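Chains S, E, F and V, in that order, give the protein sequences. Numbered per my numbering, the first sequence spans residues -15 to 306. Numbered per my numbering, the second sequence spans residues -15 to 306. Numbered per my numbering, the third sequence spans residues -15 to 306. Numbered per my numbering, the fourth sequence spans residues -15 to 306. Let me begin by presenting the structure, written as structure tokens, before commenting on it.
4 protein chains.
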Amino acid sequence: MKSLSHEYLEDAIEDSRPYASKGTVNKSLPDFDGTKQDLLGISIITNDQTCYSGGDSKQYVPMQSTSKIISLMLALHDFGKDRVFQAVGMEPMGDFFNSISQLESYDTSKPFNPMINAGAIAVSALIKGHDNKNRFDRYLKFLRRITNNYDLDLDEKVYEAEIANGSRNRALAYFMHSTGSLVSDVEEALDLYFRINSVMMCCEDFAKVGTFLSRGGRAPDNDEKLIPPHHLRTVKAIMMTSGMYNSSGRYAVEVGFPCKSGVSGSIIGVVPGIMGIGIVGPAIDEKGNSTAGGALLRKISQDLELNMFGTGHFYGRTPEDR
Amino acid sequence: MKSLSHEYLEDAIEDSRPYASKGTVNKSLPDFDGTKQDLLGISIITNDQTCYSGGDSKQYVPMQSTSKIISLMLALHDFGKDRVFQAVGMEPMGDFFNSISQLESYDTSKPFNPMINAGAIAVSALIKGHDNKNRFDRYLKFLRRITNNYDLDLDEKVYEAEIANGSRNRALAYFMHSTGSLVSDVEEALDLYFRINSVMMCCEDFAKVGTFLSRGGRAPDNDEKLIPPHHLRTVKAIMMTSGMYNSSGRYAVEVGFPCKSGVSGSIIGVVPGIMGIGIVGPAIDEKGNSTAGGALLRKISQDLELNMFGTGHFYGRTPEDR
Amino acid sequence: MKSLSHEYLEDAIEDSRPYASKGTVNKSLPDFDGTKQDLLGISIITNDQTCYSGGDSKQYVPMQSTSKIISLMLALHDFGKDRVFQAVGMEPMGDFFNSISQLESYDTSKPFNPMINAGAIAVSALIKGHDNKNRFDRYLKFLRRITNNYDLDLDEKVYEAEIANGSRNRALAYFMHSTGSLVSDVEEALDLYFRINSVMMCCEDFAKVGTFLSRGGRAPDNDEKLIPPHHLRTVKAIMMTSGMYNSSGRYAVEVGFPCKSGVSGSIIGVVPGIMGIGIVGPAIDEKGNSTAGGALLRKISQDLELNMFGTGHFYGRTPEDR
Amino acid sequence: MKSLSHEYLEDAIEDSRPYASKGTVNKSLPDFDGTKQDLLGISIITNDQTCYSGGDSKQYVPMQSTSKIISLMLALHDFGKDRVFQAVGMEPMGDFFNSISQLESYDTSKPFNPMINAGAIAVSALIKGHDNKNRFDRYLKFLRRITNNYDLDLDEKVYEAEIANGSRNRALAYFMHSTGSLVSDVEEALDLYFRINSVMMCCEDFAKVGTFLSRGGRAPDNDEKLIPPHHLRTVKAIMMTSGMYNSSGRYAVEVGFPCKSGVSGSIIGVVPGIMGIGIVGPAIDEKGNSTAGGALLRKISQDLELNMFGTGHFYGRTPEDR
């Protein structure tokens, strides 16, 4: 087992960066061009709040689908588990994240899970607020609190690109409206979804979200319990089975702890009780996951023995399976 | 947190047994009739090999789909990860375990994962042997070794029922043969699959399989390493994302450790590094999982704090999320 | 074989009207209530322009999906067969008319055929015009010309109901936009589609559309050829294989000539070279076809020997199959 | 309009033969090799029993899926329409002829229609007989009678190839058995299906089947009525909507009369009341239809004005649409 340090992370970045050439940068990143294909950064914040970083850890990208775990935490907090899972299922789905067919099959009353686009639109529509602005303000306030970064905000250009490229998400939302699984105003639900996807974060911010989950829901500044741990267990379990689009099964095998990715090449990882991880690597594969980021996750899981399906952990237990 | 003991387990059994009335006993149990609907038993074997039991823990039932993890271990051992996952995927699938549609969609080269029937037929066909008898003998020998129970054997009546009710599995196997994802002799592959599903075990045997996984692959009698730990991590990860049919996501949320069920009402559970669990409760729900067994798993996960997505564990760590 | 007359049609109406009790009136008919469930009317106009009517033949209802054949004629006229069938397929589909799954399967480049909603949205978007108003004006002008009824117009209340209940069609249109199979402005395409569905017609108008098809595309007043006959053969063939939603196969067997239905309970029928038929019967079955109207079609096909798959016809040939 | 003659057919063959280079010869033709790619033959038998032939009209090939209309006629004769359509639907399906997914969707009680493999297996299982040999004998006797060719028989080599390549059909049959939509012995049903597909015919034989349908079911030698005309209308209607696999819609548009094809490159065509057509052209497209045979059908439909959706016919009516 290797030790976690800045030097280790810089080495790991250099090992993984070549995988960026296998991916492509998504159109949801309007400012990016070919010169940023090779970007790769990581931050790890352990449960004692020590932060280790490497590579392009200061690069800001939109949250995109990593926002799905923020919405889910807020919706669980606002309405509780029963109400949330009336609106959305909790089963993984062996299909693409923007599949519309699955909405029509088996059970049209709700989308499969909160990690696919349809499910996330339905979940974010549950966030409380007297209007859409208020809902987004609550989202942003919560995100700033758990990252302790009060500069976080949406990027207008990204938000406009979301709207411009939003036909598939519109189709999902209107379909759910037609079956009754989305009862709120469709255009408002979409606008909120586009907004929360457009908030810009860097590796340290993504890692802080991970640490919020690995520390059981306490605020990073004053340890206030913001979300009950049982809701966070739900979020982490769903990340494990469904967080990495239709490569979630592969990540469970090869990485072995809960992760959530976005098409901006961002990934939030959580080793429960141990650490949070934030990665940015904009070149993504055809499933929607950062190619270099995935390689980096596999490497640190193995080097630092973070795989939860192993029989030993890196923090002092006597491992049985070395 | 409660303490693990025989008394605790007997109480937990009595709390969970009423859920049996919500399920039905599968036709793959030819000897069972209405009087056995309420059966429920459990054995837990901790990593130090202490065994705790409760309820009808001596009731033998066929392995059915719990055999899928034995086949997967043997195939990984015989051929390695690369070859096995050429034959079968590792993604969860939001569909019924005997779905044939999914074989025709996206990628006809292989079934979604080794925990669905199609995948398990393909995986068991990989088990080495010069003929079908030899393959089954190797399976049985391995199973006896890891359970340390040399009386385990198939039940002829169950095996005949498997053949008689085998049309769906035949359809799956012939379909895979037609697409080239099953290259071996179809009737031999089916016969082996029917045989391994027909081996009879009781709670303690199921628990021992779990403990073999939680202890990193060492034989229970002499600690010999039979299967490398990295193969077992693969098995446990796939159990987590796909082990409980199309309720796997729900079990990840509500139980939070790897499990595999069979339509005989059997369940094998694994808390990595901690314990193996064996449950028998023949009344199953429409997804194929024991109704009372599922209630029992939810209860012990909560009472004994076994949810891997929690931030503390029951074996001495200072938990952060109480 | 019976003779066509007003008396015959009145008798046929009375025989068929009881089937209305098996259907339900669609919400796209805002003015209708339970008292209109039993409405049933028919007009038949033979190729010599004699008109026979029976029952509630003066009842006006919105065109709904019967508009699909008008759009298809106009699009074929404006762009020709090659361009139209770049935008839409010509295969029947064993699925519901508003299915979205099929858009995602096999070939996302275009919907299956012009008779399903997705296909009709794509086809109507092809109608030439410098703006949406102009496109609808051209549609209406053409419809008035071929029916020789210059009073035809849309009903504002129906149009508003179309918009209010339009989520499924919005989903279809945005999905097609996301895959590139609908390149025009989505909201404009939907608005045009909602407008053309909202034009009100009665049995005689529907029959005149049928006669336009049975007479090879000549204007009813001055015999001017408005659409080349080869385009009309295309329209009639597609009506035969796909005109009656996912009962099209049944109608080919039981009626045996091209028909197109709408959820308003309207049906346009064509016996090529012989006659056009218009039916209104608002109570529809779960597939979307008028229950009493279907019974009436079966009866007149049999009584008047109109089934094209028979070996004799009613207009003077020596039939071989009596 | 051109005139039907041997010379005309030879010219039409030469025009169409080049399309053979776009297809491939199916493995169900064990004796064929690259040298037979360009084969193309046609026979047309008008209702007055005059026979016109061109090209390789003496080439024998297995019936393959053209057998489906013989089975359907026999089953309708043996059991009547109600019973047959309890076992199989009558809707076209926008999917490949050997699709298994559709068996699992919407309605697992029966396959979509008698022209897809699953439906034809279910229909042929209905043919009466005290054992499988007797069922096949009845099939062969009926086929010999309607073609007036008492030399027709199965080819052992083709039959063996059917068995050897039969995995997909086995999968379909076992799947239907598992859902209860095929209740007879699966292996017997498959054996009968393989046998009837293996009967060898040439263009004249195929044309005679067509003429049997166009003449209303009378024996070619003594005009005895063998099958009631109403059953034949059913068969022709289903050929129109579903006879050419998932190009049926295209053939309705481009050819415009009922046809049924087989992967041997055979096609049976019917112009009701007018003529039967038999074509052999072994090179087939990816849908399963003869490429050169399809071109030939399009040509003769246009040249001889055989499209039923036109408003005039070639036999003396005053056409309205020239």
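All residues carry an ideal CB built from backbone N, CA and C; glycine is no exception. Predicted, not measured: the structure shown is a model, and the values here were computed from it.
Original post:
Quick one: is S:HIS215 buried, meaning 16 or more other Cβ sit within 10 Å of its Cβ, or exposed?
Top reply: That one is buried.
Original post:
Using 8 Å as the Cβ pair cut-off and three pairs as the minimum, do the region -6 to 1 of chain V and the region 11 to 25 of chain V touch?
Top reply: yes
Subject >> Cβ-based neighbour list, V:ARG301, same chain, cut-off 6 Å, excluding 5 preceding and 5 following >> reply: For V:ARG301, the predicted structure reports a pLDDT of 41, less than 50, and the residue's modelled location is therefore unreliable. A value from the coordinates is still provided. Taken in chain order, the list of residues that qualify is empty.
**OP:** Please list, in chain order, all residues of the same chain as V:GLU188 whose beta carbon is under 6 Å from its beta carbon, the five residues on each side excluded.
**Re:** SER27
**OP:** Look at E:ALA59 and E:VAL9 and say whether their C-beta atoms are less than 8 Å apart.
**Re:** no
**OP:** Spell out a yes or no on whether the region 129 to 143 of chain E and the region 169 to 186 of chain E are touching, meaning 3 or more CB-CB pairs, one atom from each, closer than 8 Å.
**Re:** Inter-segment contact for the region 129 to 143 of chain E and the region 169 to 186 of chain E is present: three or more beta-carbon pairs are separated by less than 8 Å.
**OP:** Taking only the alpha-carbon atoms, compute the straight-line gap between V:LYS244 and E:HIS161 and give it to the nearest angstrom.
**Re:** 28 Å
Original post:
Leaving out the 5 sequence neighbours to the left and right, which residues in its chain are closer than 6 Å to E:ASP269 when beta-carbon positions are compared?
Top reply: GLY7 and THR275
Original post:
For E:LEU281, which three-state DSSP category applies?
Top reply: helix
**OP:** Note down the Cα distance separating S:TYR299 from E:GLY277, rounded to an integer number of angstroms.
**Re:** Because the pLDDT at S:TYR299 is just 38, under 50, the model does not fix this residue reliably, and the value given afterwards should be weighed accordingly. CA-CA distance, S:TYR299 to E:GLY277, rounds to 33 Å.
Original post:
Checking contacts by CB at 8 Å: is V:HIS161 closer than that to chain E?
Top reply: yes
Original post:
Mapping DSSP to helix, strand and coil, what is F:ALA157?
Top reply: helix
Original post:
Of all Cβ atoms in chain F, is any one closer than 8 Å to the Cβ of S:SER307?
Top reply: Because chain S here runs from -15 to 306, residue 307 of chain S falls outside it and cannot be looked at.
Original post:
Where does F:GLY260 sit, in a helix, a strand or coil, going by DSSP?
Top reply: The answer is strand: DSSP assigns F:GLY260 an E or B state.
Subject >> Cβ shell of F:SER49 (< 6 Å), same chain only, five flanking positions each side left out >> reply: Here the set comprises GLY246.
Original post:
DSSP beta-bridge partners for F:ILE268?
Top reply: F:THR8 and F:SER274
Original post:
Using a beta-carbon distance cut-off of less than 7 Å, what residues from the region 131 to 161 of chain F approach chain S?
Top reply: Cβ contacts with chain S: SER151, ARG152, ARG154, ALA155, TYR158, PHE159 and HIS161.
Original post:
Does S:MET236 have its Cβ less than 8 Å from a Cβ in chain E?
Top reply: Sequence check: residue 236 of chain S is Ala here, not Met. S:ALA236 counts as touching chain E.
Subject >> Rounded C-alpha distance that separates S:GLU(-9) from S:GLY38 >> reply: 8 Å
Original post:
If we call anything under 8 Å between Cβ atoms a contact, is V:ARG67 one with E:TYR158?
Top reply: no
Original post:
What is the DSSP secondary structure of F:ARG301, counted as helix, strand or coil?
Top reply: Unreliable positioning characterises F:ARG301 in this predicted model, as indicated by a pLDDT of 41, which lies under 50. A coordinate reading is not provided.
Subject >> Listed by chain order, chain S residues near E:LYS220 by CB distance under 8 Å >> reply: PHE293
Original post:
Expressed to the nearest angstrom, what Euclidean distance is found between the alpha-carbon atoms of E:ASP205 and S:PRO266?
Top reply: Taking the straight line from one Cα to the other gives about 51 Å.
Original post:
F:THR34 CB to nearest chain V CB: under 8 Å?
Top reply: no
Original post:
On the three-state DSSP scale, how would you describe F:LYS65?
Top reply: Three-state DSSP puts F:LYS65 in a helix.
**OP:** With a threshold of 16 other CB atoms inside 10 Å of the CB of F:MET(-15), please say whether the residue is buried or exposed.
**Re:** exposed
Subject >> Entirely enclosed beta strand (DSSP E) segments - the region 205 to 256 of chain V, minimum 3 residues >> reply: The qualifying runs are 243 to 245 and 250 to 255.
Subject >> Boundaries of the alpha helix (DSSP H) in which V:CYS187 is found, first to last residue >> reply: Where V:CYS187 is concerned, the enclosing alpha helix (DSSP H) stretches over 187 to 198.
Original post:
If you measure from the beta carbon of V:ASN273 to each beta carbon in chain F, is any gap under 8 Å?
Top reply: Not one chain F Cβ lies under 8 Å of V:ASN273.
Original post:
So who's on the other strand from S:ILE29, going by DSSP bridges?
Top reply: DSSP output for S:ILE29 lists S:CYS35 and S:GLY260 as bridge partner(s).
Subject >> Proximal chain V residues relative to F:SER165, where beta-carbon distance stays under 7 Å >> reply: Residues of chain V passing the Cβ test: none, with the nearest at roughly 15 Å.
Subject >> E:VAL45 - DSSP class collapsed to helix/strand/coil >> reply: It is a strand residue.
**OP:** Could you tell me whether any Cβ in chain E is nearer than 8 Å to the Cβ of S:PHE298?
**Re:** Low per-residue confidence applies at S:PHE298: pLDDT is 40, beneath 50, and the placement is therefore not dependable, though the value from the model is reported in the following sentence. It does not: the Cβ of S:PHE298 has no partner Cβ on chain E nearer than 8 Å.
Subject >> For E:LYS94 and E:THR218, believed in contact at Cβ under 8 Å, the rounded distance >> reply: The Cβ separation is near 16 Å, so there is no contact.
**OP:** Give me the Cα-Cα distance between S:GLY201 and S:LYS220, rounded to the nearest whole angstrom.
**Re:** Straight-line measurement puts the Cα of S:LYS220 at about 12 Å from the Cα of S:GLY201.
Original post:
Using the rule of at least 16 other Cβ atoms within 10 Å of the residue's Cβ for burial, across every protein chain shown, is E:PRO242 buried or exposed?
Top reply: Buried.
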